[in-house]
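All letters in the sequence shown, in the order written, are residues -19 to -1, 1 to 172 by mature numbering (1 follows the signal peptide of the UniProt record, and there is no 0). The C-beta atom is built at its ideal place from N, Cα and C for all residues, glycine as well.
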Amino acid sequence: MKKSLCLLALLCLNFTAHAQTSEEEENLPVDRRDITNNELSFNAFNLVAFGIFDLSYERVINENSTWSTELFLHLNKDDYYDEAYYKDVSVTGKYKHFFSSSYARGFYVHGFGMLSSGEYESTYYFDSVTGESSWDREDYTDFAIGFGLGGKFISSGGFLLDLSGGIGRNIFTSSSPEIIGQFMVNFGYRF
């Protein structure tokens, strides 16, 4: 009989503790990074270093994956710095897979497809008599496939920092850069 009463008392304590924990969880502040699915961010690195507008929209599919669309606009076509970007305009689609137990944040790998257009230096000429050199430039539009790595950090209020890098290859025309790179330092907000 004493064993039965002890078991009943333990069960009652367990239910009371569970009810109290549920009440406390309901009173916790909402963590935006775990309940919202949309993100808007801009690439601060490209904006500051090159004056390039690079905007991203990202949608959370589930706790381990997202898809995103990025728009890249190089507004001052004649102002290439060390030919860092040959493209003037690009639209990129990305799929990201996260390896963290956190809700779509932490370390990730991504695959991307990029449609880009710009001007590429295709042929180099050197005049041995005058010592002058020049490049032929050709306009191009091409599609690239690539992959990359990154990390996403999100505050409990929803502000985010997304650091990533990637590499890809243009696949349709020889008048475009063969290898393309992406380096992103994105600041944004999850809503």
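- Following the DSSP letters along the chain, one finds Ala85 in no alpha helix (DSSP H), marked with neither H nor E.
- Exclusion of the five residues before and after Phe26 leaves Phe164, Met165, Val166 as the residues of its chain whose Cβ lies within less than 8 Å of its Cβ.
- In the structure shown, Leu28 adopts helical secondary structure according to DSSP, grouped into three states.
- A Cβ-Cβ separation of about 18 Å leaves Ile126 out of contact with Gly99 under the 8 Å criterion.
- Assignment of beta-bridge partners to Gly74 by DSSP yields Thr50, Gly94.
- If you draw a straight line from the Cα of Glu44 to the Cα of Gly112, it is about 60 Å long.
- In the structure shown, Asp15 falls within a helical segment according to DSSP collapsed to helix, strand and coil.
- Counting only unbroken stretches of 3 or more residues, the beta strand (DSSP E) elements lying wholly within the stretch 123 to 159 are 140 to 151, in sequence order.
- In the structure shown, Phe80 adopts coil according to DSSP, grouped into three states.
- Judged by DSSP in its simplified three-state form, Ile33 adopts coil rather than helix or strand.
- Per DSSP, reduced to three states, the secondary structure at Asn45 is coil, with no helix or strand assignment.
- Excluding its 5 nearest sequence neighbours in each direction, Leu130 has C-beta neighbours in its own chain below 7 Å: Val90, Ser145, Gly146, listed in chain order.
- Burial check for Thr73: the Cβ neighbour count within 10 Å reaches 16 or more, so the residue is buried.
- Spatial neighbours of Gly149 in its own chain (CB-CB distance under 7 Å, excluding positions within 5 residues in sequence) are listed in chain order as Phe93, Met95, Ala125, Ile126, Gly127, Ile161.
- Nearest to Phe172 by C-alpha distance, out of Ile33, Arg40, Ala30, Asn24, is Arg40.
- It is roughly 46 Å from the alpha-carbon of Trp48 to the alpha-carbon of Phe107.
- Between Tyr76 and Asp15 a beta carbon distance of about 21 Å is seen, past the 8 Å cut, so the two are scored as non-contacting.
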